[in-house]
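Below: the structure, in structure tokens.
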Amino acid sequence: MNAAKIREATQNSIKAILRGEFLLRLHFDRYFMQILYLFFLVWSLIWTNLEIEQTMLRMEKNKKVIEDLRIYHAQKNCELVSYDRITTIQTLLKQMGSEVDIPEKPADRIRK
Amino acid sequence: MSGINDINRPKRDGTGVFLFWLYVMFLFAGVVLIGRLAYIQLFYKPNPKLEKYISARVRKQTTDPIRGSILAHDGRLLASSTPMYQIYMDCTVQKDVFEKKKDKKKEKEWQEKARKLSQGLAETFRDRSAEGYYSLIMSGRRNNRKYVKIGTAIDHGTLLKLKQLPLFNEPGYKGGMIVEKFDTRQYPYGALARRVIGYVKNNNTLTNDRVGIEGKYNYALHGKEGVIWMKETDNHGWIRNYDSTMVKVENGYDIRTTLDIDIQDIADRSLRNMVQGNPDIEGGCAIVMDVHTGAIRAMVNIKRNDKDNTVGETYNYAIGRAGDPGSVFKLASLMTLIEDGKADLETIVPTFRGKWKYKGQIMKDEYLMEMNTDTISVVRGLEISSNHVFRYLVCQNYEDNPKRFLDKFYEYKLNEPFDFDLQGLASPVIPSPGSPQWSGTALPSIAIGYTVLETPLHIAMFYNGIANKGKLMKPYIVESIEKEGGIVESFKPKVLNGSICSRRTAEKLTEALRQVVLDGTGRGLKNAKCGVAGKTGTAQITFETTVGNKKKVVYKDGSGRRQHQATFVGFYPYEDPKYTTIVVIYSKLTNKNFYGAQYALPVFREIVNDTYSLKDEWGNEIKSRGSVPKMRTAAIQDGSDGITEVPDVKGMGLMDAIYSIENCGYRCSYEGMGHVYSQTPAAGSKNRKGETVTIRLR
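Chains X and S are the protein sequences, given in the same order.
Throughout the first sequence, residue numbering follows our numbering, covering 1314 to 1425 in sequence.
Throughout the second sequence, residue numbering follows our numbering, covering 47 to 744 in sequence.
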């Protein structure tokens, strides 16, 4: 391809761009479906990213809920454990008027 | 490109020209856009001040690790971390908005909500009236206060309740609620073993802000902070930015101790009662140790606060206070004498009627002065805790070579500040010839437990060695470091000396200690629930006082007041020892006499009796005879199922049978024990409700 032909092609291209016929002249209409598909892909990418962000946002909220539940569980555990003490039980039994106390002798065992 | 060369010129018209220039404009804008994109992508370096406006906001988030828990031997929780919350209130929220809009109605609504909130706060915190809280909030609103403290620190459950109240159930910028979270240490068993568990204040290593297990194992309990980066989403939420670097948070390890909460509780109650009930007692400690491993099952330290006369775990006497052990040390002298073949339990010693002259000094023994005898056996001397017997034997046999006598104590590790699991183990002192503490009377003094300094833990360790047939175990209190139930590092029992004495000597000493309990100063334990072998000890403690403007260390002040250390140490059941226990009581300055048998022994007895009753390992073994009827897997019937007839309870246990019968509307009477083998009336009978069904069990 010589220089004259390149100049002519460049001039024609500029003119085609100015007329809005550049893509048609390149026969891009033949790839219309592919262009649409590319557009869809880009749109899907953006939409998926937004959805991922939403899911991660929900995940962060759920993390807070789980953390709250963990704290609640730990506190209840502590409250419950505090009753598992001989002197506490003795005091409670005494308050209720019970005569139950520490056994007089160790429990008998059945030989296996 | 062939198509481009075939251009046909269209005719120009007005609309065409307009569209053409519009097209040119868009084209130009497109070119500029593409050029700009390329420039920003490749060359542009934004101004840092502007950058924050054109890029997604990010923030660094530090995650505090969860501090590890401290567990008892069986996994019960001794200390755990949970957050607490302090509430503040921004009283100015929405004030400007309402003022700008001149919306008095909305302001009134807000104030009405504040009134209801005040009611809820008063009910929750009970530190102010509802009116008081309302005044606080409204005063804050008038004075533009954005950080008004509400109540005291609250737990998570209360926080959730507060978040239901008016205003606090709205977002912060509307309701003004500010929540500050901080971690606190929870101790489910209250003050139990508090000194052993310890604490860490401000993570300061320079001062004594690290106490007990919390202090010593802070490196494992603390964990490591994590760092993550968060980015802002388009709708102003914050999500994790996975493109950034992060440091994963590592929660602290759990520490499993050797403590047995039940024994700790029993020992705590006994010692606390003793200290609380006797105003002349300054404090005391008790240690319970597993004979075969040296694992500490309980370590109680009770000290009186003279300001308000309350008692609590504020000082670790068990490891922190080394003092003259007194008569409990005589056993170490006796062990040395027996091991060296210098004496035996039956050796006869002249009494000198309680007045023995040694190096020009008359050494008195009050017990022997009262006894009308010229000789006494060693075992009897131990029973009545005679000072003379041990002073005499030691001086007679080691006067020429005191080093030999003292070297034996070093073998017993009675001078060793070994690496213990808690900080602050006091160093024991046994003076040697030539040292500043050594004097002409040092040898007889050491023989009876004076001039030496020993912690209660060292004495317990030594007696434990005798109970363990001469094998000296190192006391330890931390069993393992764990992560989520799995063991990261395990601490096994360690032997300090494989044989401090022969098995025969250990058996002789055990027998002698048993005699002390049966017919000596330890008689108070004669009727304990299991056989105890042990020794009382009473020592006078030196203290500083001013005599004629000079400070002096004395045993007795001008008013005749003295300070004592009363001890009882022993092991049980003496036939096959399982636990070694020491109880030490420290008196205040008093004119009273403090004897080990009077103050330490009752605490020891309570520990022995209750521990023995609770441990089924000492229960009688029952041999199973015959066969127990097999349980049938019949479903329990109850009245709510619409059953109107007598239920079939054969094969059931008593509780299930009574439940089933009474729920069907009948009364139950029973005979025997075990499982139901017959019933009257028979199952399926349609009797009147309220009638009695008799069941027989075997």
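For glycine and all other residues, C-beta sits at the position ideal for the given N, C-alpha and C.
Annotated as proximal: S:Lys262 and S:Leu468, with beta-carbon spacing under 8 angstroms. In its chain, beyond the 5 residues on either side, Val563, Leu571, Gly616, Tyr618, Tyr620, Val654 have a beta carbon closer than 7 angstroms to the beta carbon of S:Val578. Distance from the CA atom of X:Glu1412 to the CA atom of X:Leu1406, rounded to whole angstroms, is 7 angstroms.
For S:Tyr245, the pairing in a beta bridge is given by DSSP as S:Val257. Rounded to the nearest whole angstrom, the C-alpha separation of S:Glu737 and S:Tyr712 is 5 angstroms. In the structure shown, X:Thr1400 falls within a helical segment according to DSSP collapsed to helix, strand and coil.
For the pair S:Ser127 and X:Lys1389, the Cα-to-Cα distance works out to about 12 angstroms.
Cα atoms of S:Tyr299 and S:Gly532: separation of roughly 10 angstroms, rounded to the nearest angstrom. For the C-beta of S:Leu73, the chain X residues within less than 9 angstroms are, from N- to C-terminus, Ile1330, Leu1331, Gly1333. Here S:Tyr233 is near S:Ala125, since their CB atoms are less than 8 angstroms apart. The beta carbon of S:Asn443 lies closer than 6 angstroms to those of Lys388 in the same chain, with the five residues before and after it left out. Under DSSP, S:Tyr233 shares a beta bridge with no residue. Along the segment 594-669 of chain S, the beta strand (DSSP E) occurs as fully enclosed runs of 3 or more residues at 596-600, 609-618, 625-633, listed in sequence order. Within the model, the alpha-carbon separation for S:Lys353 versus S:Leu205 is close to 36 angstroms.
Secondary structure in the segment 398-478 of chain S: the beta strand (DSSP E) runs of 3 residues or longer, each lying completely within the stretch, are 401-404, 407-410, 421-423 in chain order.
Within the segment 128-202 of chain S, the complete beta strand (DSSP E) runs of at least 3 residues fall at 194-200. With its beta carbon at least 8 angstroms from every one in chain X, S:Ile274 lies outside the interface. Rounded to the nearest whole angstrom, the CA to CA distance from S:Lys195 to S:Asp326 is 45 angstroms. As the crow flies, the alpha-carbon of S:Val273 is around 11 angstroms from that of S:Arg286.
For S:Tyr180 and S:Tyr131, the gap between their C-alpha atoms comes out near 21 angstroms. For S:Leu123, at least one C-beta of chain X is nearer than 8 angstroms to its own C-beta. In the three-state scheme derived from DSSP, where H, G and I count as helix and E and B as strand, S:Tyr69 is classed as helix. Within its own chain, the residues whose Cβ lies closer than 8 angstroms to the Cβ of S:Lys540, once the five positions on either side in sequence are excluded, are Gly340, Met519, Lys520, Tyr522, listed in chain order. Sixteen is the threshold: when 16 or more other Cβ atoms of the shown chains lie within 10 Å of the Cβ of S:Ala552, as they do, the residue is buried. Arg1398, Ile1399, Thr1400, Thr1401, Gln1403: these are the residues of the segment 1398-1412 of chain X whose beta carbon lies less than 9 angstroms from some beta carbon of chain S, given in chain order. Inter-residue distance for S:Gly730 and S:Ala703 is about 15 angstroms (C-alpha atoms, whole angstroms). Within chain S, no C-beta atom comes nearer than 7 angstroms to that of X:Arg1343; the closest sits roughly 12 angstroms away. Contact between the segment 540-549 of chain S and the segment 395-402 of chain S is absent: fewer than 3 CB-CB pairs across the two stretches fall below 8 angstroms. Close to X:Val1394, with beta-carbon spacing below 7 angstroms, are these residues of chain S in chain order: Arg122, Leu123, Pro234. Per the Cβ contact rule, the segment 595-608 of chain S is not in contact with the segment 361-374 of chain S (fewer than 3 Cβ pairs under 8 angstroms). Identification of chain X residues near S:Tyr658 by a Cβ-Cβ cut-off of 7 angstroms yields Pro1419, ordered along the chain.
A distance below 6 angstroms between beta-carbons, with the five flanking residues on each side excluded, links S:Ser715 to the following residues of its chain, in chain order: Thr738, Thr740.
The beta-carbon of S:Asp59 is placed no less than 8 angstroms from the nearest beta-carbon of chain X. S:Pro474 and S:His504 do touch by the CB rule: their CB atoms are close to 5 angstroms apart, below 8 angstroms. When rounded, the separation of the alpha-carbon atoms in S:Val246 and X:Asp1397 is 26 angstroms. Here S:Gln611 is buried: its Cβ has 16 or more other Cβ atoms, across all protein chains shown, within 10 Å.
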